[in-house]
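Reviewing the structure listed below.
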Amino acid sequence: MMEISLIRHGKSQFNEKKRVTCEEFERWVDGYNTSGVHKQANYPSETLLKSTSANVLITSDLKRSMESAAILHPEGITITHSLFRETELPTLHAKHLSIRLKPSTWAVLLRLLWLAGYSNGCESFSEAKGRAVIATEQLIFYAKQSQSVAVVGHGFFNRFISKELQKRGWTGKKRAGTKHWSCTTYTWLE
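Okay, structure coming up:
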């Protein structure tokens, strides 16, 4: 049996929630991407088990992913690669638009635009799906070599990988977990 576990990183230390313009939101995203994660007193047992027992532990090259893996498995050796980065958000370039929204509202609005095909300044929806195909192939390669793989990645991109694994016959939950520290495991019975 082979297994691939998709783990979402911990909650970011970047906690700026004041309302910002669209232009300021771009700087907010930069702050979020360069911040680490909060340590907790306890972590989900399934997440700890899968991260410490995996023969291959992978992270994206974003700080929250790398730091989360180090928290879950301090002695673990990780493979870090940009292939497993979160999907980006487009920019609006609305310098004269002075609407101030919460960062979470901007994120939802821009994600909806991205899903609808707007990708100004970032990887498109179809390009992200293509990257997920490549990432899934890489994970399956590692699983064939070592039987168990864990990826400490990101909510949206983990969902893309989840769908790809299921298309290829791997079994597990229909949707990868989106809560911080969640773990969803997919198996292949040989």
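When the letters of the sequence shown are read in order and numbered with the numbering used here, they come out as residues 8 to 197. All C-beta atoms, glycine included, are put in the ideal place defined by N, C-alpha and C.
1. Can you give the Cα-Cα distance for T178 and A123, rounded to whole angstroms?
2. Using C-beta distances below 6 Å, list every residue in its chain close to R71, excluding the 5 sequence neighbours before and after it, in chain order.
3. By how many angstroms is the C-alpha of M8 removed from the C-alpha of P110?
4. Just reading off the alpha helix (DSSP H) that G162 is part of, what are its end residues?
5. If T143 sits next to E171, beta carbons under 8 Å apart, how far is it from one beta carbon to the other, in whole angstroms?
6. If you follow the alpha helix (DSSP H) that V4 is in, where does it begin and where does it stop?
7. State the start and end residues of the unbroken beta strand (DSSP E) segment that holds L64.
8. At 3 residues or longer, what runs of the beta strand (DSSP E) sit wholly inside the segment 48 to 96?
9. Less than 8 Å between the CB atoms is what I'm expecting for S67 and G162, so what's the real figure, rounded?
10. Does any CB atom of chain B fall closer than 9 Å to the CB of R71?
11. Identify which residue in V63, K24, E134 and F32 has its Cα closest to the Cα of L117.
12. Using DSSP's beta-bridge definition, name the partner residues of I14.
13. Am I right that L69 and R34 are in contact with their C-beta atoms under 8 Å? What's the rounded C-beta distance?
14. Of the choices E95, K24, S105 and L79, whose alpha-carbon is the least far from that of S131?
15. Cutting at 6 Å between CB atoms, please list the residues of its own chain near A183, excluding the five before and the five after it.
16. Does the count of Cβ pairs from the segment 133 to 151 and the segment 45 to 60 closer than 8 Å reach three?
17. Output the distance between the C-alpha atoms of G83 and S155, rounded to the nearest integer angstrom.
18. If you compare alpha carbons, which of L79, V63, T112 and V36 is closest to H278?
By the coordinates alone:
1. Straight-line spacing of the CA atoms in T178 and A123 works out to 29 Å.
2. So the list reads H16, S19 and V44, once near-sequence residues are dropped.
3. Taking the CA atoms as reference points, P110 sits about 42 Å from M8.
4. Annotation: the continuous alpha helix (DSSP H) that includes G162 extends over G162 to K174.
5. Under the criterion of beta carbons closer than 8 Å, T143 and E171 qualify as touching, at roughly 4 Å.
6. Given a span of 8 to 197 for the chain in the structure shown, any question on residue 4 remains unanswerable.
7. Its beta strand (DSSP E) spans residues V63 to T66.
8. Restricted to the segment 48 to 96, the beta strand (DSSP E) segments that are unbroken, complete and at least 3 residues in length are 63 to 66 and 85 to 87, listed in chain order.
9. That belief does not hold up - the Cβ atoms of S67 and G162 are roughly 12 Å apart, past 8 Å.
10. Looking for chain B here will not work: only one protein chain is present.
11. The alpha carbon of L117 has as its nearest neighbour, out of V63, K24, E134 and F32, the alpha carbon of F32.
12. Bridge pairing for I14: V159 and C190 [DSSP].
13. Between R34 and L69 the Cβ distance is about 16 Å, and since that is not below 8 Å, they are no contact.
14. That would be E95, whose Cα lies nearest to the Cα of S131.
15. The residues are L13, N165, R166, S169 and T191.
16. Taking 8 Å as the limit for Cβ pairs, the verdict is that the segment 45 to 60 does not touch the segment 133 to 151.
17. A direct Cα-to-Cα measurement between G83 and S155 gives close to 14 Å.
18. The structure shown does not extend to residue 278, since the chain is modelled only from 8 through 197, so no value can be given for it.
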